[in-house]
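One structure is given below, encoded as structure tokens.
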Amino acid sequence: MRSASAPSDADLTAKAKIRNAAIAHFVRDGFQKANLRAVAAAAGVSVGLIPHHFGSKEGLRSACDEHVLQILTTRARAAGRPSGMQDLLGVYLSDPEEYQLLVQYMARAIQEDAPAAGTFVDAVVEESEAVFRAGAADGTMRPSSDPRALAVLNVLVGLAVLTMPAPLTRALGHEHFGPDVLRRMAVPTLELYTRGLYTDDALPTTARDAWAAAGPPQQAKD
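Residue 0 is where the sequence shown starts when you use numbering that gives the first Met the number 0, and the numbers rise one by one after that.
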């Protein structure tokens with residue numbers, strides 16, 4: 000698992016090899032079922048090195064979480080900038096298997112409701128909201144009535160790719176998620192964000208009026 004700028008497997012430290020092997024095993028087997036001896040064998044190290052470097056299985060998972068979060072949130076920031084989109088695409092095309100493994104890891108974390116999933120969602124929502132507010136301020140984006148809710152919606156759309164890649168891929172007539180699927184989705188997605196769908200604001204106006212007529216929101220009961 001490596002990007003174009005990452006070191007080759009031969010250059011990785013034993014600690015990094017264990018982490019990378021563990022990411023693959025957690026994706027395949029889930030955290031609870033993952034076997035540390037199998038992780039050590041895949042990394043080409045003795046099983047005793049795992050507690051030496053990470054302390055425990057939980058410590059190993061925390062290191063994997065931190066690594067995946069750092070990469071995915073950095074790439075999410077790049078995706079929010081037009082100048083970063085081309086670089087992000089280049090990184091993906093240079094090593095699509097690495098990208099898919101990281102995405103699958105986060106999908107597994109979401110399915111298991113792991114702490115990393117919440118951290119990832121919070122970080123990307125914060126980043127998206129900042130991008131929307133900055134875009135509205137500098138005139139490159141239309142102002143939103145609720146930038147925070149828009150950021151959550153933006154992340155929700157992105158998470159569909161994490162949690163439903165197989166059915167979405169089949170719906171487009173492809174057998175496997177990969178560059179062809181991303182190529183198919185790229186321009187329509189950007190069209191949606193750039194042009195929108197409707198030619199007037201009748202729907203949001205009607206929705207605002209309907210909610211206003213319904214009265215103020217009620218507080219949730221404990």
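For each residue, glycine too, the CB sits at the ideal point set by N, CA and C.
State the Cα-Cα distance for the pair L149 and S143, rounded to the nearest angstrom. 7 Å
Select from A13, T162, E126 the residue whose C-alpha is nearest the C-alpha of Q99. T162
Report the three-state DSSP secondary structure of T139 (helix, strand or coil). coil
Please work out which residues of its chain come closer than 7 Å, Cβ to Cβ, to P146, disregarding the five sequence neighbours upstream and downstream, and give them in chain order. E128, F131, R132
Please name the residue, chosen from G58, V102, T72, P95, that lies closest to R27 on a Cα-to-Cα basis. V102
Is the distance from the Cβ of D64 to the Cβ of A108 below 9 Å? yes
Quick check on the burial criterion: 16 or more other C-beta atoms within 10 angstroms. Buried or exposed for H175? exposed
Is it true that the region 42-62 meets the region 10-20, where meeting means three or more beta-carbon pairs spaced less than 8 Å apart? yes
Pair within 9 Å by beta-carbon distance, R60 and F30: yes
Can you look up G43 in the DSSP assignment and give me helix, strand or coil? coil
Residue interval of the alpha helix (DSSP H) (run including Q110): 95-110
What is the DSSP secondary structure of G214, reduced to helix, strand or coil? coil
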